[in-house]
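Engineer: Protein chains in written order, with the numbering used here: chain V, 62 to 303; chain S, 62 to 303. What follows is a single structure, and I will ask about it in a moment.
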């Protein structure tokens, strides 16, 4: 096994996942994973550039950062790459008016988006809002479109809360893909565009960056396909079986 | 185009789908599709053997047959092949104790099945019972099993009610398959075992039988793969796009 100094040679930037790496989500928002507050502080004191790269779509970027600050993390909104703002950019560029199947908490991120007479569906981690009624409505909107467009904020299989494993948006994306015979466009990890947008803001090349996450597909696989290095932590949803 | 007499040469048995072929489901149970009551009566007066082959899993076989009889159909419970009784047979044979993600209306079909300390999940068309909470519970049960077994009553993408298209069990099966990294065992159409069990009861060989349905995959494709002929009706969920 290569020593750490070799593995990290030439690294100038670190991308950190949030849920499962910094935070165990759960009732009341979540608790820091032991050592994570100190690790972020130490990274920020180093020469490395640091950015937070999350698929969080249950909370707005503002609320998430507010929670992390309360918990002692050195983090600001401008340091976070998250899928809702990226999706809004795409919707504007392509003149798309979404039907939103999302958590109440992130409706504010879509405040400036025209949702009248929808010509696409945006799906995010809606949790309890993934009722049969809401899923069926999204399905019916897609089936009525000549060219159905489904935009998904991430495609995770599941995440870990303090109470246990929870189904993530990816499961519900698969349901709609199968029912409608379509393929969703993913905004968020592991989409290469998403990682590249984070790297651009950092001013760091892919081969100079390392992604740290708890998802072998979304974090590690996605980053590696972009030419980045990646590190799988053993917190969060990590399981030796995966 | 071959004339009908050639296409039907040697046919001794007719298998009829119910929803979308005989019945438009909806509020109050449903209404007969025009001409279907008379068509069943005429088939029964002919020399052909007739059997009803349905993936219905929102209502027990008894309730479904009761409704059809009220609507004027000549049908008895013994003439219906449906997935819940077939699933019960499999559960007993393999010593499986299911966690049930099913509609309240078909719990009675599983009355004699041991559901303590579950070692598999059975999923059916649960409709409004497909809440996030219920889906998450089924997911958690599967994730805790060393060898997760998911048995699905059908795998339809959607069906048509009088009010419009509705998501069917297949969409939710896909969600659990993706989240757990497993593949479900399908009991019901288009499973070959299911068609074969219907043919056995009829005493008819596959090449002597024709399946009449509104699902190009579940009815037509499934029957053809078993060596049967098949006919796609233009009622129910039929769409020229599919």
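By construction, the Cβ of each residue, glycine as well, lies at the ideal position given by its N, Cα and C atoms.
Express the C-alpha separation of residue 126 of chain V and residue 179 of chain V in angstroms, rounding to a whole number.
Structural biologist: For residue 179 of chain V and residue 126 of chain V, the distance between alpha carbons rounds to 31 Å.
Engineer: If you measure from the beta carbon of residue 185 of chain V to each beta carbon in chain S, is any gap under 9 Å?
Structural biologist: No, no contact with chain S.
Engineer: Just the Cα atoms here: how many angstroms apart are residue 15 of chain S and residue 274 of chain S?
Structural biologist: In the structure displayed, chain S extends from 62 to 303; residue 15 of chain S sits before or after that span and is not available.
Engineer: When you measure from the CB of residue 73 of chain V to every non-hydrogen atom of the ligand NAP, does any distance come out below 8 Å?
Structural biologist: Here there are no bound small molecules, and the ligand NAP is not part of this structure.
Engineer: Nearest chain S C-beta to residue 250 of chain V closer than 9 Å, yes or no?
Structural biologist: Residue 250 of chain V does not count as touching chain S.
Engineer: Would you report the Cα separation of residue 108 of chain S and residue 145 of chain S, rounded to the nearest angstrom?
Structural biologist: Rounded to the nearest angstrom, the two C-alpha atoms are 30 Å apart.
Engineer: Spatial neighbours of residue 141 of chain V within its chain, please: CB distance less than 7 Å, with the 5 preceding and 5 following residues excluded, ordered by chain position.
Structural biologist: Only 113, 115, 122 and 126 meet the Cβ criterion.
Engineer: Which of the residues in the stretch 191-208 of chain S, read from start to end, lie with their CB under 8 Å from any CB of chain V?
Structural biologist: If the cut-off is 8 Å between Cβ atoms, the stretch 191-208 of chain S has 191, 192, 193, 194, 196, 197, 200, 201 and 204 near chain V.
Engineer: Do you know offhand how far residue 105 of chain V's Cα is from residue 134 of chain V's?
Structural biologist: Each residue's Cα considered, the two are about 11 Å apart.
Engineer: CB-CB under 7 Å to residue 227 of chain S, same chain, minus the five flanking residues each way: which ones, in chain order?
Structural biologist: Answer for residue 227 of chain S: 219 and 220, listed in chain order.
Engineer: Report the neighbours of residue 231 of chain V on chain S: residues whose CB is nearer than 9 Å to its CB, in chain order.
Structural biologist: Ordered by position in chain S, the residues that pass the 9 Å Cβ test against residue 231 of chain V are 236, 239 and 240.
Engineer: Going straight from the alpha carbon of residue 82 of chain S to that of residue 193 of chain S, what length do you get?
Structural biologist: Each residue's Cα considered, the two are about 32 Å apart.
Engineer: Skipping 5 residues on each side, what residues in its chain have a beta carbon closer than 6 Å to that of residue 272 of chain S?
Structural biologist: Within the same chain, residue 272 of chain S has close Cβ partners 76, 280, 284, 289 and 291.
Engineer: Between the C-alpha atoms of residue 101 of chain S and residue 209 of chain V, what's the straight-line distance to the nearest angstrom?
Structural biologist: Near 38 Å, if we compare the C-alpha coordinates of residue 209 of chain V and residue 101 of chain S.
Engineer: What residues from the stretch 213-226 of chain V come within 7 Å of chain S, judged by C-beta to C-beta, listed N to C?
Structural biologist: Cβ contacts with chain S: 218, 219, 225 and 226.
Engineer: Which runs of the alpha helix (DSSP H) spanning at least 4 residues fall entirely within the stretch 140-219 of chain V, listed in chain order?
Structural biologist: With a minimum length of 4 residues, the continuous alpha helix (DSSP H) runs that stay inside the stretch 140-219 of chain V are 144-154 and 193-205.
Engineer: Spatial neighbours of residue 252 of chain V within its chain, please: CB distance less than 6 Å, with the 5 preceding and 5 following residues excluded, ordered by chain position.
Structural biologist: Excluding sequence neighbours, residue 252 of chain V sits near nothing in its chain.
Engineer: Residue 245 of chain S touches chain B at which residues, Cβ-Cβ below 8 Å?
Structural biologist: Looking for chain B here will not work: the only protein chains present are V and S.
Engineer: Report buried or exposed for residue 137 of chain V, applying the criterion of at least 16 other Cβ atoms within 10 angstroms of its Cβ.
Structural biologist: Residue 137 of chain V comes out exposed.
Engineer: Is the shortest distance between the beta-carbon of residue 228 of chain V and the beta-carbons of chain S less than 9 Å?
Structural biologist: Interface residue, yes.
Engineer: Report the partner residues of residue 74 of chain S according to the DSSP bridge assignment.
Structural biologist: The partner list for residue 74 of chain S (beta bridge, DSSP) reads S:110 and S:270.
Engineer: Report yes if the C-beta distance between residue 260 of chain V and residue 241 of chain V is below 9 Å; otherwise report no.
Structural biologist: No.
Engineer: For residue 177 of chain S, which of S:78, S:160 and S:293 has the nearest alpha-carbon?
Structural biologist: Of the candidates S:78, S:160 and S:293, the one whose C-alpha sits nearest the C-alpha of residue 177 of chain S is S:160.
Engineer: Tell me which residues of the stretch 71-105 of chain S have at least one Cβ-Cβ distance to chain V shorter than 9 Å, keeping chain order.
Structural biologist: Those residues of the stretch 71-105 of chain S that come within reach of chain V (Cβ to Cβ, closer than 9 Å) do not exist; the list is empty.
Engineer: Mapping the DSSP letters down to three states, classify residue 281 of chain S as helix, strand or coil.
Structural biologist: Of the three classes helix, strand and coil, the one that applies to residue 281 of chain S here is helix, per DSSP.
Engineer: Between which two residues does the beta strand (DSSP E) holding residue 247 of chain V run?
Structural biologist: Where residue 247 of chain V is concerned, the enclosing beta strand (DSSP E) stretches over 246-248.
Engineer: Closest to residue 131 of chain S by CA distance: which of S:148, S:158 and S:92 is it?
Structural biologist: When each option's Cα is compared against that of residue 131 of chain S, the closest is S:92.
Engineer: For residue 275 of chain S, would you say it is in contact with chain V, using Cβ-to-Cβ distances shorter than 9 Å as the test?
Structural biologist: For residue 275 of chain S, the answer is no, since every Cβ of chain V falls outside 9 Å of its Cβ.
Engineer: How about residue 297 of chain S and residue 80 of chain S: are their beta carbons less than 9 Å apart?
Structural biologist: Yes, Cβ-Cβ distance for residue 297 of chain S and residue 80 of chain S is below 9 Å.
Engineer: Starting from residue 92 of chain S, trace the beta strand (DSSP E) in both directions and tell me its first and last residue.
Structural biologist: 90-93 is the extent of the beta strand (DSSP E) around residue 92 of chain S.
Engineer: Looking at the secondary structure, which residues open and close the alpha helix (DSSP H) in which residue 287 of chain V lies?
Structural biologist: Taken as a continuous stretch (DSSP letters only), residue 287 of chain V belongs to no alpha helix (DSSP H), as it is neither H nor E.
Engineer: Listing by chain order, which chain S residues have their CB less than 9 Å from the CB of residue 280 of chain V?
Structural biologist: Per Cβ cutoff of 9 Å: no residues; residue 280 of chain V is ~17 Å from chain S at best.
Engineer: Excluding the 5 residues preceding and the 5 following residue 216 of chain V in the sequence, name in chain order all residues of the same chain whose CB lies nearer than 6 Å to its CB.
Structural biologist: Cβ within range, chain order: 231, 234 and 247.
Engineer: Which of the three DSSP states is assigned to residue 242 of chain V in this structure?
Structural biologist: Residue 242 of chain V falls in the coil class under three-state DSSP.
Engineer: Under 9 Å between C-beta atoms, does residue 188 of chain S make it to chain V?
Structural biologist: For residue 188 of chain S, the answer is yes, since a Cβ of chain V falls inside 9 Å of its Cβ.
Engineer: Residue 254 of chain S: which of S:147, S:128 and S:84 sits nearest, CA to CA?
Structural biologist: Cα-wise, what sits closest to residue 254 of chain S is S:147.
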